[in-house]
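Okay, structure first, notes after.
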Amino acid sequence: MQLRLDVHVHSCFSKDSNSDLESIIKFAEKNGLDAVAICDHDTVEGGIEGSRIAREIGTRITVIPGIEVTSSKGHILVLGIDENIDSNLTPEETIKIARELGGVVILPHPFKISSHGIGYVEGLDIDAVEVLNSRCLTDKPNNEARKAARLHNIPEAGGSDSHIPEMVGQTYTIVEASENTHDVILSAISEGRISAGGKKVPVSVVLNHTLSTIKRKFLQRL
0 MQLRLDVHVH SCFSKDSNSD LESIIKFAEK NGLDAVAICD HDTVEGGIEG SRIAREIGTR
60 ITVIPGIEVT SSKGHILVLG IDENIDSNLT PEETIKIARE LGGVVILPHP FKISSHGIGY
120 VEGLDIDAVE VLNSRCLTDK PNNEARKAAR LHNIPEAGGS DSHIPEMVGQ TYTIVEASEN
180 THDVILSAIS EGRISAGGKK VPVSVVLNHT LSTIKRKFLQ RL
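Its first residue numbered 0, the sequence shown is counted upward by one per residue in numbering that gives the first Met the number 0.
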């Protein structure tokens with residue numbers, strides 16, 4: 000069967016997001032997802048807590064713990080781990096540790112330099128490239144990511160990069176899986192049985208969130 004998974008969601012455990020975990024699950028259900036990977040900046044806490052809450056409330060949504068690691072060259076998503084990975088290591092070192100922890104590795108928005116995209120895909124031991132990121136203001140970064148993924152024969156994923164609950168599932172990964180469970184979904188990704196779907200969010204939504212983040216950081220410094 001085909002499942003819809005958002006591989007790239009931020010919760011309130013990321014400094015630039017105020018999405019509480021219950022709201023993420025609520026909008027995942029509302030927006031037609033089957034699963035969501037919570038990947039906060041340099042911490043697995045949000046994903047672990049989200050997975051616990053999902054089990055507690057009995058939702059049909061599978062919550063996969065993850066992390067968006069800040070490597071020395073840009074961001075790297077690691078799904079299915081419950082330990083943090085140090086930031087500012089090289090991409091190769093980051094991925095090596097991710098593999099040792101049993102993680103599935105996805106390169107997010109590689110050509111969106113304003114969001115710490117790495118800028119390349121070749122030569123990295125990754126399971127997929129995020130070729131649809133809903134927060135890209137123009138089509139160029141997504142188009143470049145798709146072109147690079149196809150040139151190097153790397154499976155294609157989609158993620159909302161949501162920092163507000165309403166954005167969850169706007170872009171997603173279609174997973175060919177026999178059942179909606181954590182292990183089966185991760186195996187399907189690692190075996191390349193995925194494709195990208197969905198759409199970008201309106202530019203106004205991205206700009207409003209960016210402005211609110213800047214305002215929040217300014218107020219915190221006062």
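For every residue, glycine included, the Cβ atom is placed at its ideal position computed from N, Cα and C.
Where the beta strand (DSSP E) containing residue i begins and where it ends
| i | result |
| --- | --- |
| Val194 | The sequence shown places Ser at residue 194, not Val. That run of the beta strand (DSSP E) goes 193 to 197. |
| Val183 | Note, Val183: premise wrong, no beta strand (DSSP E); alpha helix (DSSP H) at 181 to 189. |
| Thr172 | 170 to 175 |
| Glu155 | 155 to 158 |
| His151 | That residue, His151, is in no beta strand (DSSP E); it is neither H nor E in DSSP. |
| Asp5 | 1 to 8 |
| Ile112 | Note, Ile112: premise wrong, no beta strand (DSSP E); not H, not E. |
Residue i - DSSP class collapsed to helix/strand/coil
| i | result |
| --- | --- |
| Thr58 | coil |
| Glu82 | coil |
| Gly49 | helix |
| Ile213 | Because Ile213 sits at a pLDDT of 48, beneath the cut-off of 50, its placement in the model cannot be relied upon, and the point is left open. |
| Ile117 | coil |
| Ile163 | coil |
| Leu20 | helix |
One or two residues paired with residue i in a DSSP bridge
| i | result |
| --- | --- |
| Thr137 | Answer is none; Thr137 lacks a bridge partner. |
| Asn67 | It is Glu, not Asn, that sits at residue 67 in the sequence shown. In DSSP, Glu67 forms a bridge with His40, Leu76. |
| Asp124 | According to DSSP, which records beta bridges pairwise, Asp124 is partnered with nothing at all. |
| Asn226 | Nothing can be reported for residue 226: it is not among the residues displayed for the chain, which extend from 0 to 221. |
| Ala34 | Leu4, Thr61 |
First through last residue of the alpha helix (DSSP H) which encompasses residue i
| i | result |
| --- | --- |
| Ile94 | 90 to 99 |
Exercise. Count the C-beta pairs between the stretch 29 to 40 and the stretch 132 to 152 that are closer than 8 angstroms, then say yes if the count reaches three, no if not.
Key: no
Quiz item: Would you say the stretch 44 to 62 touches the stretch 187 to 196, given that touching needs at least three Cβ pairs under 8 angstroms?
Solution: no
Quiz item: Should the stretch 176 to 187 be called in touch with the stretch 56 to 67, which here means at least 3 C-beta pairs below 8 angstroms?
Solution: yes
Quiz item: Would the stretch 147 to 167 and the stretch 18 to 27 be scored as touching if the rule is three or more Cβ pairs under 8 angstroms?
Solution: In this structure the stretch 147 to 167 touches the stretch 18 to 27; the number of beta carbon pairs closer than 8 angstroms is three or more.
Exercise. Inspect the CB distances between the stretch 169 to 181 and the stretch 2 to 18 and report whether three or more fall short of 8 angstroms.
Key: yes
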